[in-house]
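Residue numbers (this note's numbering), protein chains in the order written: chain R, 1 to 213; chain Y, 214 to 388.
Virtual Cβ for every residue (Gly too), placed ideally from N, Cα, C.
One structure below.
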């Protein structure tokens with residue numbers, strides 16, 4: 001399991017995928033002040049939601065590379081021959097994917113918060129939300145990648161498959177920023193993220209198995 | 214249906230060669246033996262660990278050959294993996310390429326690297342799908358010697374091929 005996580009993490013870092021996610025996230029967050037103008041109060045009000053939207057869009061970028069290349073290279077065949085569970089392999093991929101984009105995104109959120117005039121309190125809420133929500137996003141990304149792997153033009157449908165499924169994370173993530181009633185949203189965000197982390201590897205394993213036949 | 218009535222039993226030191234024209238199901242038989250495909254009828258029983266060679270190399274293109282082989286050896290969790298990798302590289306004349314990224318290897322070299330992955334696995338049962346594809350005559354001779362050495366140490370080889378390979382006393386399974 002550790003060898004698998006290390007392998008995927010190394011591939012993600014060496015291919016520049018992790019850097020690309022952070023760069024795209026910051027780029028999207030930067031576009032809003034340019035588009036809306038230097039209205040600090042407005043930016044502060046929508047900034048948390050902007051960060052969540054940017055995170056969601058940035059998480060889409062590496063999805064195609066998570067499963068497809070390994071499926072094509074016969075890597076999953078070798079795992080199955082060794083008697084390894086594909087669900088565990090998918091979980092290892094989820095952990096590696098989260099490590100490659102979750103913590104860097106949380107660091108980049110500090111810069112984005114500066115651009116969007118977020119208060120320290122809101123930034124703290126954003127960081128807690130990202131910490132809880134990004135594992136779910138990673139699990140969803142791996143499952144989506146497995147579903148579209150091997151499909152002709154799979155890249156084009158990746159967003160169409162993943163974004164609607166990620167809407168609950170976005171709603172509860174953005175809801176957790178409310179100083180008055182954010183606690184309930186945090187709990188729901190944690191519940192959705194937990195369900196995704198627990199269930200998505202099985203979905204991914206079934207999709208990988210179907211892709212191997 | 215691709216084929217029916219196929220039944221065979223391989224003991225320690227045995228080999229079988231699956232032959233037949235293109236599309237008859239040689240690769241499918243190998244995948245069934247590897248538990249990657251389920252037969253419509255019948256069953257496959259294997260008491261030992263298996264190593265599989267398919268058309269896909271399963272070696273990370275961005276890693277050096279030695280690092281790519283070590284990844285699989287680490288999964289096999291064999292303490293003598295490094296020794297076995299060194300022997301496999303030597304047997305297939307790949308020593309000089311050990312530190313080259315896999316993506317830079319030629320088709321034939323990559324094929325030999327895949328065979329080295331199988332040889333380094335330490336698995337008693339080798340399932341080889343068209344192992345001689347892309348190999349020159351010298352490399353084919355090395356492959357044949359490697360299979361012979363594997364059988365001499367009690368290993369089993371199931372080989373699907375459309376080429377003629379010198380595998381002495383191998384059972385032929387014609388599809």
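Query raised in the report: Three-state secondary structure (DSSP) at residue 343 of chain Y?
Result: Reduced to three states, the DSSP call for residue 343 of chain Y is coil.
Query - Amino acids of chain Y, ordered along the chain, whose beta-carbon sits closer than 9 Å to that of residue 100 of chain R - result: The premise fails here: residue 100 of chain R is roughly 15 Å from chain Y at the closest Cβ pair, so nothing lies under 9 Å.
Requested in this report: Return the CA-CA distance between residue 128 of chain R and residue 210 of chain R, expressed in angstroms with no decimal places.
Outcome: 37 Å
Query raised in the report: Quick one, which residues of the stretch 10-22 of chain R are near chain Y if we go by CB-CB under 9 Å, in chain order?
Result: Those would be 10, 11, 14, 15, in chain order.
Query raised in the report: What's the gap between the Cα of residue 287 of chain Y and the Cα of residue 317 of chain Y?
Result: In this structure, the straight-line span from the alpha carbon of residue 287 of chain Y to that of residue 317 of chain Y is close to 23 Å.
Report task. Pull up the CB-CB distance for residue 264 of chain Y and residue 379 of chain Y, whole angstroms please, since I reckon it's below 8 Å. Result -> The pair is not a contact, with the Cβ atoms about 21 Å apart (cut-off 8 Å).
Report task. Express the C-alpha separation of residue 372 of chain Y and residue 181 of chain Y in angstroms, rounding to a whole number. Result -> The structure shown has nothing for residue 181 of chain Y, since chain Y only spans 214 to 388.
Query raised in the report: Considering only C-alpha positions, which residue in the set R:137, R:140, R:126, R:64 is nearest to residue 48 of chain R?
Result: R:126
**Report entry** Any C-beta of chain R under 7 Å from that of residue 277 of chain Y
**Finding:** no
Query - Start-to-end residues for the beta strand (DSSP E) that takes in residue 271 of chain Y - result: Per DSSP, residue 271 of chain Y belongs to no beta strand (DSSP E) and is neither H nor E.
Query raised in the report: Since residue 348 of chain Y contacts residue 310 of chain Y with CB under 8 Å, what's their CB separation in whole angstroms?
Result: In fact, because the Cβ distance is near 15 Å, the residues do not count as touching under 8 Å.
**Report entry** Contacts around residue 376 of chain Y, its chain only, beta-carbon distance under 7 Å, and the 5 residues preceding and following it disregarded
**Finding:** 345
Requested in this report: Starting from residue 298 of chain Y, follow the beta strand (DSSP E) in both directions and report where the run begins and ends.
Outcome: It is not in any beta strand (DSSP E) - residue 298 of chain Y instead sits in the alpha helix (DSSP H) that spans 294-304.
Report task. Counting only the same chain and skipping the five closest in sequence on each side, list residues whose C-beta sits under 7 Å from that of residue 115 of chain R. Result -> 29, 30, 33
Query raised in the report: Below 7 Å between beta carbons: does that hold for residue 5 of chain R and residue 92 of chain R?
Result: Yes, the pair counts as a contact, with Cβ atoms nearer than the cut-off.
Query raised in the report: So what's residue 63 of chain R in DSSP terms, helix, strand or just coil?
Result: helix
Report task. Could you tell me whether the Cβ of residue 45 of chain R comes closer than 7 Å to any Cβ of chain Y? Result -> False, the Cβ-Cβ gap to chain Y never drops below 7 Å.
**Report entry** residue 113 of chain R versus residue 22 of chain R: straight-line alpha-carbon distance, rounded
**Finding:** 14 Å
Query raised in the report: The beta strand (DSSP E) spanning residue 372 of chain Y covers which residue range?
Result: Counting along the chain, the unbroken beta strand (DSSP E) around residue 372 of chain Y starts and ends at 369-373.
Query raised in the report: Going along the chain, which unbroken runs of the alpha helix (DSSP H) with 4 or more residues stay wholly within the stretch 81-135 of chain R?
Result: With a minimum length of 4 residues, the continuous alpha helix (DSSP H) runs that stay inside the stretch 81-135 of chain R are 86-115.
**Report entry** Spatial neighbours of residue 18 of chain R in its chain, beta-carbon cut-off 7 Å, leaving aside the 5 residues before and after
**Finding:** 12, 100, 101, 104
Report task. Closer than 8 Å by beta-carbon distance: list the chain R residues that pair up with residue 271 of chain Y, in chain order. Result -> 73, 74, 75, 77, 78
Query raised in the report: residue 96 of chain R to residue 365 of chain Y, Cα distance in whole Å?
Result: 42 Å
Query raised in the report: Using Cβ-Cβ distances below 7 Å, what residues of the stretch 155-185 of chain R are close to chain Y?
Result: Under the 7 Å Cβ criterion, the stretch 155-185 of chain R contributes no residue.
Report task. Using the Cα positions of residue 140 of chain R and residue 361 of chain Y, report the straight-line distance between them to the nearest angstrom. Result -> 47 Å
Query raised in the report: Could you give the residue range of the beta strand (DSSP E) that holds residue 232 of chain Y?
Result: 228-232
Query raised in the report: What residues in its chain sit with their C-beta under 8 Å from that of residue 212 of chain R, if we drop five residues either side in the sequence?
Result: 71, 76, 77, 80
Query raised in the report: Would a C-beta distance cut-off of 7 Å place residue 228 of chain Y and residue 383 of chain Y closer than the cut-off?
Result: Result yes, Cβ atoms of residue 228 of chain Y and residue 383 of chain Y sit closer than 7 Å.
**Report entry** Terminal residues of the beta strand (DSSP E) in which residue 264 of chain Y lies
**Finding:** Segment 263-266, the beta strand (DSSP E) holding residue 264 of chain Y.
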